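Mapping of the sequence shown onto this note's numbering: position 236 corresponds to residue 241, and the numbering continues sequentially without gaps.
Positions of the beta carbon are idealized from the N, C-alpha and C atoms, including for glycine.
Since the structure is predicted, the reported quantities are computational estimates derived from the model, not experimental observations.
Take a look at the structure below.
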Amino acid sequence: MSFGIGACEVWTDWRALPAHARGGTVALGNLDGVHRGHRAVLAAAHAARPDLPLQAMTLEPHPREYFRPQDPPFRLTLLPAKAAALGDAGCTGLHAVPFDAALAAMEAEAFCETILHEALGAKHLACGADFAFGHRRGGDVAFLARWAEGRGIGLSVVPPVSDAAGPVSSTRIRRALQDGYPERAADLLGRDWEVRGVVFHGDRLGRELGWPTANIWMGRHLEPARGVYAVRAALPDGTLVPGVANIGRRPTLGGDPETRLETHLFDWSGDLYDREIGVRLVRFLREDMAFTGLDELKAAIAADAAEARAALGIG
6 MSFGIGACEV WTDWRALPAH ARGGTVALGN LDGVHRGHRA VLAAAHAARP DLPLQAMTLE
66 PHPREYFRPQ DPPFRLTLLP AKAAALGDAG CTGLHAVPFD AALAAMEAEA FCETILHEAL
126 GAKHLACGAD FAFGHRRGGD VAFLARWAEG RGIGLSVVPP VSDAAGPVSS TRIRRALQDG
186 YPERAADLLG RDWEVRGVVF HGDRLGRELG WPTANIWMGR HLEPARGVYA VRAALPDGTL
246 VPGVANIGRR PTLGGDPETR LETHLFDWSG DLYDREIGVR LVRFLREDMA FTGLDELKAA
306 IAADAAEARA ALGIG
């Protein structure tokens with residue numbers, strides 16, 4: 006199966022790839038977030054073989070999701086968002102290899118032979134220095150280098166991209182978001198972190214209070230610090246609209262079983278129900294809290310909106 010996300014085509018069946026999906030220069034890794042370090046791996050893959058299609062290969066679901074399904078959601082980018090970010094970085098195709106019991110049991114050499122060589126037909130590979138793969142992560146970069154040399158396949162091993170605090174990593178980005186610093190996450194990502202989801206029909210309380218919101222569930226996304234944010238929302242037509250958003254479970258209204266992201270768009274009106282939007286976190290304004298009643302909640306929303314406008318540099 007394949008589908009397109011912008012400039013990046015996604016292939017989810019490595020056993021039945023079309024001819025144009027084979028023979029690329031391939032960046033390897035989980036690539037969660039497609040952060041600055043991941044883009045350095047993509048750049049190395051392209052620089053080594055600019056004559057070949059630039060592709061990436063990742064596992065879906067993330068192995069951590071497969072082995073520890075009871076863990077809280079931790080993903081920075083779900084598959085469509087990952088493909089879009091890869092496309093923005095110049096990638097023309099993403100091999101989203103299904104991670105299941107058979108793949109988890111596949112030894113490192115079989116993974117290289119069966120998937121990288123026979124299925125993908127990779128002509129060049131690129132990865133980070135800590136890349137590991139195969140059953141119980143039995144394959145490392147040294148193993149991959151020996152195998153690739155024996156097959157006449159090039160390999161670029163990319164050192165970590167670092168800043169003053171250390172190597173750029175998905176773990177650091179998650180921590181920054183959970184601590185309420187989306188601007189730090191943006192520095193590591195190279196762009197604002199975005200949550201994408203389909204707008205669902207809520208109870209219309211926001212509209213009754215004078216602050217209509219577009220509501221999406223956080224779902225499998227990492228849950229950042231609960232509270233109020235200055236945001237920019239990417240609408241289905243590509244328009245980017247500033248706003249104020251709350252991430253939480255609405256304690257004032259009795260609480261939700263799941264975490265939702267409620268976004269009020271400034272100076273905009275229209276119908277977004279059942280359509281996908283992306284909400285980009287720009288600045289954390291305050292923690293989630295419970296109010297004594299709707300009047301107090303309404304006043305707090307007005308104050309939050311004013312602060313968000315200031316944070317976004319708009320009147």
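Output the distance between the C-alpha atoms of A315 and V287, rounded to the nearest integer angstrom.
Here residue 315 refers to the residue found at position 310 when the sequence shown is read from its first residue. Here residue 287 refers to the residue found at position 282 when the sequence shown is read from its first residue. Whole-angstrom Cα-Cα distance: 12 angstroms.
Q60 by DSSP, collapsed to three states: which one?
The residue labelled residue 60 in the question sits at position 55 within the sequence shown. Note: Q60 maps to strand in three-state DSSP.
Taking G298 as the reference, which of E292, I306 and P262 has the closest Cα?
In the sequence shown, the residue the question calls residue 298 occupies position 293. The residue with the shortest Cα to Cα distance from G298 is I306.
Using a Cβ-Cβ cutoff of less than 6 angstroms, which residues in the same chain neighbour H51 once the five nearest sequence positions on both sides are dropped?
The sequence position of residue 51 within the sequence shown is 46, counting from 1. Around H51: L59.
Under 8 angstroms between C-beta atoms, does P55 make it to chain B?
Judged by its chain identifiers, the structure shown contains no chain B, having just a single protein chain.
List the DSSP bridge partners of Y234.
Locating residue 234 in the sequence shown gives position 229, where the first residue counts as 1. Partner(s): A250 and F289.
I think A61 touches A32, with their Cβ atoms under 8 angstroms apart; what is that distance to the nearest whole Å?
Indexing the sequence shown from 1 puts residue 61 at position 56. Indexing the sequence shown from 1 puts residue 32 at position 27. Confirmed, Cβ separation roughly 5 angstroms.
Counting pairs of Cβ atoms below 8 angstroms between the segment 61-70 and the segment 144-160, do you hit three or more?
Touching, no.
Could you give the distance in angstroms between the alpha-carbon of V203 and the alpha-carbon of G171?
Taking the sequence shown and counting its residues from 1, one reaches residue 203 at position 198. Taking the sequence shown and counting its residues from 1, one reaches residue 171 at position 166. Those two C-alpha atoms are separated by around 36 angstroms.
Would you kindly work out how many angstroms separate the C-alpha atoms of A181 and G126, rounded to a whole number?
If you number the sequence shown from 1, residue 181 lands on position 176. If you number the sequence shown from 1, residue 126 lands on position 121. Cα to Cα, A181 sits roughly 38 angstroms from G126.
Since I believe G34 is in contact with C132 (beta carbons under 8 angstroms), could you give me their beta-carbon distance rounded to a whole number of angstroms?
The sequence position of residue 132 within the sequence shown is 127, counting from 1. The sequence position of residue 34 within the sequence shown is 29, counting from 1. That belief holds up - the Cβ atoms of C132 and G34 are roughly 6 angstroms apart, short of 8 angstroms.
Are the Cβ atoms of E267 and P241 separated by less than 8 angstroms?
Walking along the sequence shown from the start, residue 267 turns up at place 262. Walking along the sequence shown from the start, residue 241 turns up at place 236. Result no, Cβ atoms of E267 and P241 do not sit closer than 8 angstroms.
Count the CB pairs spanning the segment 107-116 and the segment 76-84 that are closer than 8 angstroms, and state whether there are at least three.
no
Taking buried to mean at least 16 other C-beta atoms within 10 Å of its own C-beta, is E228 buried or exposed?
In the sequence shown, counting from the first residue as 1, residue 228 sits at position 223. E228 is buried by the Cβ-count criterion.
Tell me which residues share the same chain as E114 and place their Cβ nearer than 6 angstroms to its Cβ, disregarding the 5 neighbours each side in the sequence.
Along the sequence shown, read from residue 1 onward, the residue named residue 114 stands at position 109. Here the set comprises nothing.
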